[in-house]
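As structure tokens, the structure follows; a few thoughts come after it.
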Amino acid sequence: MNAEIQILNKESTSTVTNSKKFYIESYGCQMNFADSEVVASIVSKEGYDSTKNLNDADLILLNTCSIRDKAEQTVRKRLEGFNKLKRNNKNLKVGVLGCMAERLKNKFLEEEKIVDLVVGPDAYKDLPNLIKEVNEGRNAVNVILSKDETYGDISPIRLSSNGVTAFVSITRGCDNMCSFCVVPFTRGRERSRDPKSILEEIKTLVDKNYKEVTLLGQNVDSYLWYGGGLKKDFKKISELRQKTSINFSKLLKLVAETFPLLRVRFSTSNPQDMGLNVIVTMSKYKNICNHIHLPVQSGSNSVLKAMNRQHTREEYLSLVKKIKQIIPDCSISQDMITGFPNETDKDHELTLELMCKVKYDFGYMFKYSERPGTFAAKKYDDNISELIKKNRLQEIVDLQQKHSNHRTNEYIGKIVEVLIEKESKKSSNQWSGRNQQNTVVVFNKEIYKIGDFVKVLINNCTSATLIGEAVGYSNK
Ligand code: 5AD
Ligand code: SF4
């Protein structure tokens with residue numbers, strides 16, 4: 007290892023200056039971005055410093071996403087671009103991490119000659135061995151999925167952080183088996199992280215002056231800690247252990263009470279797992295943000311059934327009603343898929359109708375993309391034409407835009423609490439932050455600074471942004 011070690015003083019920290027450099031790029035969900043911070047921590051200990059400049063890198067890592075075909079194509083194109091870099095630097099190694107690595111396994115090495123290293127989402131602790139292998143000239147692959155790996159003992163290195171907000175993962179994997187989704191195959195069975203290590207990670211962030219955390223998981227509401235182990239084995243343990251277990255509502259309470267000055271967010275919630283206890287806990291703690299990302303995917307019961315979603319349209323709408331009853335100013339966002347196999351015009355109408363009932367604050371909408379190996383790929387014909395998928399998508403995007411506009415307009419004349427995160431992209435005289443409901447707010451900088459909680463009076467808006475003026479510090 008070519009690391010140069012400089013001891014600064016006796017007790018404290020030593021600064022390790024490594025001569026090798028790694029470059030990491032993340033695609034897909036927030037979970038992947040959080041994982042890259044775990045990877046950065048592991049790789050740094052192997053004598054690599056992180057670099058933001060591709061040309062400086064000895065090791066390029068792409069943390070990939072398989073959720074839709076387009077995400078995979080983006081990664082393949084990116085890999086093509088590395089050919090020239092590799093020609094210029096014979097020692098450069100290229101690694102593929104994440105969901106695509108897990109899905110394609112050894113095939114990746116055959117299909118993309120540029121790749122030296124393939125590592126699945128549960129195998130990052132093996133990176134030291136794998137990097138050694140590739141540096142000795144051999145290709146290396148580890149795509150073993152784990153029943154208990156949560157990386158709870160790794161202290162992530164915050165990459166491109168604003169120093170104010172951070173992601174903290176609390177569960178990994180997913181047991182839901184929605185028929186369209188590749189995640190259960192690429193990220194394995196669902197498991198929860200020890201609350202002690204979650205609180206420790208948050209404490210480290212708070213000590214560094216971070217002001218907001220987002221608790222992350224494919225399905226946070228199904229968080230369950232009973233001393234380790236898979237969620238599906240919970241029923242097999244003793245009653246006493248079941249009683250002392252920690253579910254998501256208890257975890258939220260624990261985080262909110264331990265760090266009363268910290269803003270707490272979470273994502274993603276699955277309708278069938280979101281209990282009343284979570285909503286009540288949210289309503290009790292001022293520092294838990296009033297926003298729920300609550301994907302529905304479709305407004306039609308027959309499509310929901312074919313998707314193997316564990317909720318009906320009626321159950322979903324009744325959950326939304328409960329949320330609004332208990333937390334009237336709670337924002338709700340959606341994920342939606344159009345053109346699922348056999349989706350009829352009527353099914354599509356039902357989706358539009360459901361959207362009109364909920365009037366989501368914002369949403370993420372996608373055309374169905376068949377994923378190899380999933381139940382839907384095996385059982386259903388991808389029989390909705392590209393044109394129909396495209397037209398339906400446009401309709402729901404347009405409707406969402408209308409609803410987002412409606413929602414942002416509701417804030418005009420109101421005062422919201424904003425945590426300042428960064429300078430506004432449009433003007434260097436303005437700050438950009440988010441309110442509790444996760445809507446971006448911009449306002450003139452005045453005396454305020456990044457990391458401040460500020461009360462902002464909203465006087466204008468677009469469908470995605472609130473524009474206002476600061477009227478004082480929030481009493482945090
Ligand atoms: N095709 C299109 N969208 C998908 N999603 C997941 N799998 C697919 C797929 N095969 C969407 C869902 C999910 C979000 C993360 O991605 O809406 O909630
Ligand atoms: Fe995929 Fe469904 Fe799990 Fe979300 S809940 S990750 S859509 S299987």
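Residue numbers (our numbering): 7 to 482.
Just so it is clear, CB atoms sit at the ideal spot from N, CA and C, and this is done for glycine as well.
Output yes or no for whether 8 Å exceeds the beta carbon distance between residue i and residue j.
| i | j | result |
| --- | --- | --- |
| residue 446 | residue 437 | no |
| residue 346 | residue 309 | yes |
| residue 114 | residue 125 | no |
| residue 76 | residue 375 | yes |
| residue 219 | residue 258 | no |
| residue 52 | residue 134 | yes |
| residue 57 | residue 108 | no |
| residue 103 | residue 151 | no |
| residue 306 | residue 315 | no |
| residue 358 | residue 401 | yes |
| residue 123 | residue 110 | no |
| residue 481 | residue 474 | no |
| residue 296 | residue 443 | yes |
| residue 188 | residue 273 | no |
| residue 409 | residue 365 | yes |
| residue 413 | residue 186 | no |
| residue 238 | residue 181 | yes |
| residue 342 | residue 371 | yes |
| residue 216 | residue 261 | no |
| residue 1 | residue 208 | Examination of residue 1 is not possible in this model, given that the chain is present from 7 through 482 alone. |
| residue 222 | residue 46 | no |
Assign residue i to buried or exposed, taking buried as 16 or more other Cβ atoms, counted over all protein chains shown, within 10 Å of its Cβ.
| i | result |
| --- | --- |
| residue 54 | buried |
| residue 379 | exposed |
| residue 427 | buried |
| residue 324 | exposed |
| residue 175 | buried |
| residue 477 | exposed |
| residue 157 | buried |
| residue 142 | exposed |
| residue 89 | exposed |
| residue 479 | exposed |
| residue 233 | exposed |
| residue 329 | buried |
| residue 1 | Only positions 7 to 482 of the chain appear in this structure, which leaves residue 1 out of reach. |
| residue 425 | buried |
| residue 391 | exposed |
| residue 183 | exposed |
| residue 105 | buried |
| residue 148 | buried |
| residue 116 | exposed |
| residue 276 | buried |
Out of the options, state which residue places its alpha-carbon closest to the alpha-carbon of residue i.
| i | options | result |
| --- | --- | --- |
| residue 418 | 173, 337, 468 | 468 |
| residue 432 | 441, 424, 451, 421 | 451 |
| residue 439 | 68, 269, 251 | 269 |
| residue 5 | 316, 340, 313, 314 | Residue coverage of the chain in this structure runs from 7 to 482, which leaves residue 5 outside it and unanswerable. |
| residue 37 | 49, 128, 116, 88 | 128 |
| residue 179 | 236, 298, 365 | 236 |
| residue 368 | 470, 26, 282 | 470 |
| residue 27 | 140, 183, 98, 247 | 98 |
| residue 337 | 441, 246, 266, 455 | 441 |
| residue 435 | 415, 145, 456 | 456 |
| residue 79 | 148, 33, 40, 116 | 33 |
| residue 293 | 149, 423, 249 | 423 |
| residue 48 | 205, 287, 91, 159 | 159 |
| residue 429 | 360, 458, 282, 276 | 458 |
| residue 287 | 405, 263, 278, 276 | 263 |
If you drop the 5 nearest sequence neighbours on each side, which residues of the same chain put their C-beta closer than 6 Å to that of residue i?
| i | result |
| --- | --- |
| residue 386 | 347 |
| residue 29 | 57, 60, 63, 66 |
| residue 271 | 220, 295 |
| residue 335 | 296 |
| residue 382 | 185, 186 |
| residue 411 | 469 |
| residue 280 | 227 |
Any heavy atom of the ligand ADP inside 7 Å of the beta-carbon of residue i?
| i | result |
| --- | --- |
| residue 315 | For the structure depicted, the ligand ADP is absent and the ligand set comprises only the ligand 5AD and the ligand SF4. |
Give me, in chain order, the residues of the same chain whose beta-carbon lies closer than 7 Å to that of residue i; leave out the 5 immediate sequence neighbours on both sides.
| i | result |
| --- | --- |
| residue 398 | 344, 345, 354 |
| residue 19 | The pLDDT assigned to residue 19 is 40, lower than 50, so where the model puts this residue is not dependable, and the model offers no usable value. |
| residue 349 | 309, 390 |
| residue 463 | 421, 474, 475, 477 |
Give every residue of the same chain whose Cβ lies closer than 8 Å to the Cβ of residue i, excluding the five residues on either side of it in the sequence, and list them in chain order.
| i | result |
| --- | --- |
| residue 244 | none |
| residue 92 | 98, 100, 120 |
So that I know if they touch, is there some Cβ in chain C lying closer than 8 Å to that of residue i?
| i | result |
| --- | --- |
| residue 269 | The chain labelled as chain C is not found in the depicted structure, where only one protein chain is given. |
**Prompt:** If you pair each beta-carbon of the stretch 190-201 with each one of the stretch 80-87, do three or more pairs fall below 8 Å?
**Reply:** no
| query | Touching or not, the stretch 163-170 and the stretch 187-198, by the rule of three or more beta carbon pairs under 8 Å? | reply | no
**Message:** Below 8 Å, how does it come out for the stretch 246-254 and the stretch 221-238: are there three or more Cβ pairs, yes or no?
**Reply:** yes
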